[in-house]
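For the sequence shown, our numbering puts the final residue at 220, and the numbers step up evenly by one. To start, the structure under review is shown below, and the notes come after it.
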Amino acid sequence: MKRVAILISGGGSNMVRLAEAMTGDYPARPVLVGANDPSAGGLAKAAAMGIESFAVDHRPFGRDRAAFEAELLRHLEAAEPDIIALAGFMRVLTPEFLRHYAGRMLNIHPSLLPKYPGLHTHARAIAAGDAEAGATVHEVTADLDAGPILGQARVPVLPGDTPDDLAARVLVQEHRLYPAVLRRFAQGDRRPVFL
Ligand code: GAR
């Protein structure tokens, strides 16, 4: 049984879906939820699900990423996670931090990578006139949003879509994709899942 820590920055809907999936014969369990923002809505949801949670506010650390990450690491290490799942975690992590979890950290990104790494993915897909959009789960490496792809889900871009319309359509698929990918990954199977 793999121990999973989930990092969030906001509402945590992906975190909730992951945690809900991790029961029965699922090969992993949620052991910790962390946020870089004490007001992240997902923290209360984690607590309501009985999952230990913590926040390390990144703001007092200013540009001192190393100090912020040392604090983050202190919390994570205490929970002895096998896998770290980033689920809407909006801080870039340094290569030094990532080295602790090389090959053991996943992220979900709201685009069909390698298209649109970074921010504003849905607005960019609409502006480009793309017929399809989606989400990707990938292994986290030092290259932002560019690690090996572990799964993708696709949705159509519809005429008149706003970025919010598209984000909502993609999010529904994120909630199916991430638990499916984590299940495989926890079994040591890195073949990508395509939905
Ligand atoms: C999700 O759409 C996720 O793909 C995205 O943030 C949202 C978090 O929603 N992640 C990124 O943009 C990562 N760069 P949630 O808090 O409801 O899971």
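Yeah, the Cβ is synthetic: ideal placement off N, Cα and C, and Gly gets one too. Since the model is a prediction, treat every value here as computed from it, not as a measurement.
DSSP state of residue i, grouped into three classes?
i    : result
T161 : strand
M40  : helix
V182 : coil
K27  : strand
L32  : strand
R194 : helix
R124 : helix
P204 : helix
L118 : coil
G49  : coil
A156 : coil
A85  : Before going on, a small fix: residue 85 reads as Pro here, not Ala. P85 falls in the helix class under three-state DSSP.
P188 : helix
Give me whichever residues DSSP pairs with residue i in a beta bridge.
i    : result
G176 : V162, V218
I109 : A30, M130
Could you spell out where the beta strand (DSSP E) holding residue i opens and where it closes?
i    : result
F79  : 78-80
H134 : 130-134
G59  : 53-60
Which two residues bound the contiguous alpha helix (DSSP H) that contains residue i?
i    : result
A103 : 90-103
T146 : 146-152
K140 : Unbroken run through K140: none, as it is neither H nor E.
L169 : Element bounds for L169: n/a, residue is neither H nor E.
G66  : 66-73
Confirm, please, whether the CB-CB distance from residue j to residue i is below 9 Å.
i    : j    : result
E164 : L131 : yes
S169 : G128 : Here residue 169 is Leu; the residue named in the question, Ser, does not match the sequence. No. Outside cutoff.
Y203 : A112 : yes
A60  : G49  : no
A205 : G176 : yes
A30  : I109 : yes
R215 : P173 : yes
M26  : A53  : yes
Any chance the CB of residue i is under 8 Å from a heavy atom of ligand 2?
i    : result
H134 : The model on display carries ligand 1 but not ligand 2.
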